[in-house]
Amino acid sequence: MKFGLFYEISVPRPWGRETEKTVYDRCLEQVKLADELGFDSVWAVEHHFLEEYSHCPAPELFLTACAMVTKKMRVGHGIVVCVPEFNHPIKIAERTAVLDILSGGRLEVGTGRSATWTELGGFRVNPDETKKTWDEIVHCLPKMWTQERYSYQGRSWSMPQRTIVPKPYQKPHPPMWVAVTSPGTEIDAAERGMGSLGLTFGGFAEQEEKVKRYRKIIRSCEPVGEFINEAVSTVNFLFCHEDDAEGVKIGKRFTGAFNYLAAQLLAAREAYPTKSYPSLGLLPSLRRDAAGPGDESGAPEGIAIGNPARLVRELKKWESVGVDRVNFLLNALETVPQEQVLNSLRLFAKEVMPHFEKKEGQKHEAAAAAAGAR
Amino acid sequence: MPPRFGTLDLNAWARMASTINGFKTEEWKLKGAEILELHLEIDDDPADALIPRTMHPAIPAYTIINVMHAPDSPVGPFSIGEVRIAGRTGVRPRGFVLRSFCDSEAARKELAARWGFPVAPADVSVSVRHDRVVGKVAVNGKTVLHAELIDRDAISGNDIQYIASMHLARNRDDQKLVLVQVDPEYTFSKAERGRPSVVTLDNDAFGADGHLRLMNPIMASFAVADVTLPKIRYICNPELPALQGTTKVAA
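Just so you know, the sequences run in chain order U and C.
Under this note's numbering, the residues of the first sequence are numbered 1388 to 1761, in order.
Under this note's numbering, the residues of the second sequence are numbered 39 to 289, in order.
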C-alpha cells in the first residue's frame, strides 16, 4: 500500500494579507517533509469559490511548487476539472505536459467534473452536460499528449489541426485517474482503463464491493489512453500521536472542522435537479463516515486518527479490501498547529509505514529521515 | 468555529411569528399538490440579516420561492406561497421561511397552530399553462409575488430535492420564540424543470426590508406530488447555533 497527501488548502477567516500565504507555505513544508519520509505522492484539488473550505483553484501551480521542493514524490491533480468553461481542453493538455516535464515525469492526472453549484454556477456551466463533456475530454487528452498533429470536432469543443506542445515527459503519457464520488463512478473509471481516485468511502464492505466491481470491469475495458492504469486509491484523514486518546481527540477536531465546512457548500443536486448528479457528491459521504459510529475511543471506523497501532489496524483493513493507496488530508482551517502536523507525519512514517509493503531502498531512506527529524 | 452565522433581529421578527400549540401535532396528507419552486442566488452579505443565528448562510446564498396548491387537505383545498432563505442548521440544508401567505382561513389557522407557519391572508394561485407555470400572491389586490417557470421540461421526480423549512414561531405554552423544523415527505407523480423568472417580489411584504436582492437565477421546478406534512421532529432555540440549541421532539 502507498501513502500520499491530499490537499484542499483550507483557509480560515479572518483573511489577512498573510493568511493564505502562511497556509500555502505550511502545506509546502509538509510536502517537503513527507517526501523525505517516504510518502509516495501529493495530490491537490481544483476548487473555486469555496470560501474557507478550499482555496486551491490553481492546483497546477501548487503542484509545480511541490515538485520543486521534492525529489521523489509524484504530484497529482486530484482532480483537474474537465469542463471547458473551467479549463479549455488544450490548456489542460499543455499545462499537464509542462508540469510533467518540470517534475521530471512525476505527474498523475486525476480527472473530474465538479460537484457543487457554487462552482458550476460560478462558471455558468449546465450541470446536465458535465458528465458528457468530461467523457469527451478524457478521450481527447491522451491523443493531444501523444499525436504530433491534432485536430478535433466534437460535441462540446473543437479545434483545427495544430501541434500541441510540449509533450509530457512520461511516455507515452502520465497515468490517468477518475474522481470516484457518486455511486457507480468506479465503473466509469474501469470502463476507460483509468485509476479509481476515491474521494469518498463508505464502509469496508461497500469499498470491497466497489473494488471487486472495478477490477472485474477493467479487465475488459476500452482504455482512453495508451495503457491501463489499474489502481484504487481512497482518501482519509491523518493525525498520528503516541497517545491514542490525544490523537483521536485532535484528529476529531480537525475532521469535524472539515466536515462542518463541507456541509456549507451548495451541492449541485441541492440547487438544481438533474440526473447528472445522482448523489450529493464528495462531501456528504466523507462527512457521514468521519462522524459515524466507531469504538469506545470515539474514533470513527476506518479513519486514520489515533496512535500508530490503531492506524496500522485501520489501514490494514483498507488494504484487505483492495485499496492500493491512501491519500491523507492533514488539516482543516489550520485547526491543528503546524508542528503537530509535522510530528504526526514523522510518527506515521516511523511507526506505521514499516507495516506496509515498500521497496527496500525507500524503506531505509524513510526510516533515516524520520529518525533524523526527531 | 466558522463559517458565518445569521444575524436576524429576532425582536423585529417576533411580530410576524405565529403561535404554535405545542409540538405534538399529527401529520397531514395533501394529495395531488401542485408545487412551483424557484431557486435564485441572492446578494450574500445582506442575506445574513434574513436568517437567525441558528443558521449559516449557504455558499452562495440563495432564496427558495415556493407556491403550492393543495386541492385535497383535512381542511379542504388551499394554496400557499412563501419565500425562504436557504442556509444550514449545523450541517443540514434548511430554508428559513420569511413569510407565508395562504388563501384559506381554515388552513391558515391549522398551519400556524400545528407547524408554526408564519402565515398571513392573501390570494394565492398556481396556474399551469402550455409554456409556463405561474405562481402568484396578492395581498388586498396588490401582487407581492409573481414567479414563473418558463420552458417546461419533464424530469424525474427522483431528481428533485426539496429541503426542510424552519419556521420562527411563538410557543403557546411558554411564549418563547422557537424555530420549528418542518420536513415534508413527497411522492412525485410528475416533475418538470425550467427557467425561473421573478416578475414581482415585494421585499416589504415578506419582511425582508430590502435585504433580499435577487442575483443569479438557478432553476425552477414544478411537481405534482402527494405531500405529507409530518409530525414535528426537531425544534431549535433561535438565539443559539444549531449544534447547541436543537431539541428532538419526535422520532
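Idealized CB from N, CA, C, for every residue including glycine.
Asked: Show which residues of chain C have a CB atom less than 8 Å away from the CB atom of Gly1508 (chain U).; Found: Glu79, Pro98, Asn254 and Ile256
Asked: Which of helix, strand or coil does DSSP assign to Trp1564 (chain U)?; Found: strand
Asked: I'd like the list of long-range same chain contacts for Pro1610 (chain U), defined as Cβ closer than 6 Å, with 5 residues on each side in sequence excluded.; Found: Gly1580
Asked: What is the DSSP secondary structure of Ile103 (chain C), counted as helix, strand or coil?; Found: strand
Asked: Among the residues of its own chain, which have a CB less than 7 Å from the CB of Gly1491 (chain U), if the five just before and after it don't count?; Found: Tyr1556
Asked: Is Arg1712 (chain U) buried or exposed, if buried means 16 or more other CB atoms sit within 10 Å of its CB?; Found: buried
Asked: What's the gap between the Cα of Asp264 (chain C) and the Cα of Gly1425 (chain U)?; Found: 58 Å
Asked: If I'm right that Ala246 (chain C) touches Arg271 (chain C) with Cβ under 8 Å, what's the distance once you round it to whole angstroms?; Found: Ala246 (chain C) to Arg271 (chain C), Cβ: 28 Å. No contact.
Asked: Could you tell me if Thr57 (chain C) is buried or exposed, where buried requires 16 or more neighbouring beta carbons within 10 angstroms of its beta carbon?; Found: exposed
Asked: By the DSSP assignment, the alpha helix (DSSP H) with Phe1591 (chain U) in it spans what residues?; Found: Phe1591 to Ile1605
Asked: So, is the C-beta of Ala124 (chain C) closer than 9 Å to a C-beta in chain U?; Found: yes
Asked: Can you list the residues of chain U that Ile73 (chain C) reaches, using a CB-CB cut of under 9 Å?; Found: Per Cβ cutoff of 9 Å: no residues; Ile73 (chain C) is ~12 Å from chain U at best.
Asked: Smallest Cα separation from Val182 (chain C): which of C:Asp189, C:Gly173, C:Asp47 and C:Pro222?; Found: C:Gly173
Asked: For Leu1594 (chain U), does the count of other Cβ atoms within 10 angstroms reach 16, so buried, or fall short, so exposed?; Found: Per the sequence shown, the amino acid found at residue 1594 (chain U) is Gln instead of Leu. With 16 or more Cβ atoms within 10 Å of its Cβ, Gln1594 (chain U) is classed as buried.
Asked: Using the Cα positions of Gly1403 (chain U) and Glu1721 (chain U), report the straight-line distance between them to the nearest angstrom.; Found: 14 Å
Asked: May I ask you to report which of helix, strand or coil DSSP gives Gly1509 (chain U)?; Found: helix
Asked: Are the CB atoms of Val121 (chain C) and Leu250 (chain C) within a distance shorter than 9 Å?; Found: yes
Asked: Three-state secondary structure (DSSP) at Thr181 (chain C)?; Found: strand
Asked: Would you mind reading off the limits of the beta strand (DSSP E) that contains Arg91 (chain C)?; Found: That residue, Arg91 (chain C), is in no beta strand (DSSP E); it is neither H nor E in DSSP.
Asked: Please report the Cβ distance between Val113 (chain C) and Glu64 (chain C), rounded to the nearest whole angstrom; I am assuming they are in contact, meaning their Cβ atoms lie under 8 Å.; Found: With 8 Å as the limit, Val113 (chain C) and Glu64 (chain C) do not qualify as a contact, their Cβ atoms being about 13 Å apart.
Asked: Three-state secondary structure (DSSP) at Thr45 (chain C)?; Found: coil
Asked: If I follow the unbroken alpha helix (DSSP H) through Asp82 (chain C), where does it start and stop?; Found: Asp82 to Ala85
Asked: Does the beta carbon of Ile198 (chain C) sit closer than 9 Å to a beta carbon anywhere in chain B?; Found: Protein chains in the displayed structure are U and C, and chain B is not among them.
Asked: Work out the CA separation of Asn1474 (chain U) and Phe1436 (chain U) for me, nearest whole Å.; Found: 15 Å
Asked: Comparing the C-beta of Phe1626 (chain U) with each C-beta of chain C, is any distance below 9 Å?; Found: no
Asked: How many angstroms separate the CA atom of Phe43 (chain C) from the CA atom of Lys1662 (chain U)?; Found: 32 Å
Asked: May I ask which residues mark the beginning and end of the beta strand (DSSP E) holding Glu1701 (chain U)?; Found: Where Glu1701 (chain U) is concerned, there is no enclosing beta strand (DSSP E), although the alpha helix (DSSP H) it sits in stretches over Pro1695 to Ser1707.
Asked: Excluding the five sequence neighbours on either side, which residues of its own chain have a C-beta within less than 6 Å of the C-beta of Glu1706 (chain U), listed in chain order?; Found: Met1388
Asked: Taking 9 Å as the CB-CB limit, is Ile193 (chain C) close to chain U?; Found: yes
Asked: Going by other Cβ atoms of all chains shown within 10 Å of its Cβ, with 16 needed for buried, is Ala50 (chain C) buried or exposed?; Found: exposed
Asked: Got a sec? Which residues, its chain only, sit under 7 Å from Ala1480 (chain U) by beta carbon, not counting five neighbours each side?; Found: Leu1528, Met1531, Trp1532 and Ile1551
Asked: What are the start and end residues of the alpha helix (DSSP H) that includes Lys214 (chain C)?; Found: From DSSP, Lys214 (chain C) is part of no alpha helix (DSSP H); its letter is neither H nor E.
Asked: Drop a sphere of 10 angstroms on the beta-carbon of Asn196 (chain C), count the other beta-carbons inside from all chains shown, and report buried for 16 or more, exposed for fewer.; Found: exposed
Asked: Could you tell me the alpha carbon to alpha carbon distance between Ala1658 (chain U) and His1526 (chain U), rounded to whole angstroms?; Found: 29 Å
Asked: Taking 9 Å as the CB-CB limit, is Ala229 (chain C) close to chain U?; Found: yes
Asked: Among the candidates U:Thr1457, U:Cys1608, U:Gly1612 and U:Pro1570, whose CA atom is the shortest distance from the CA of Lys1597 (chain U)?; Found: U:Pro1570
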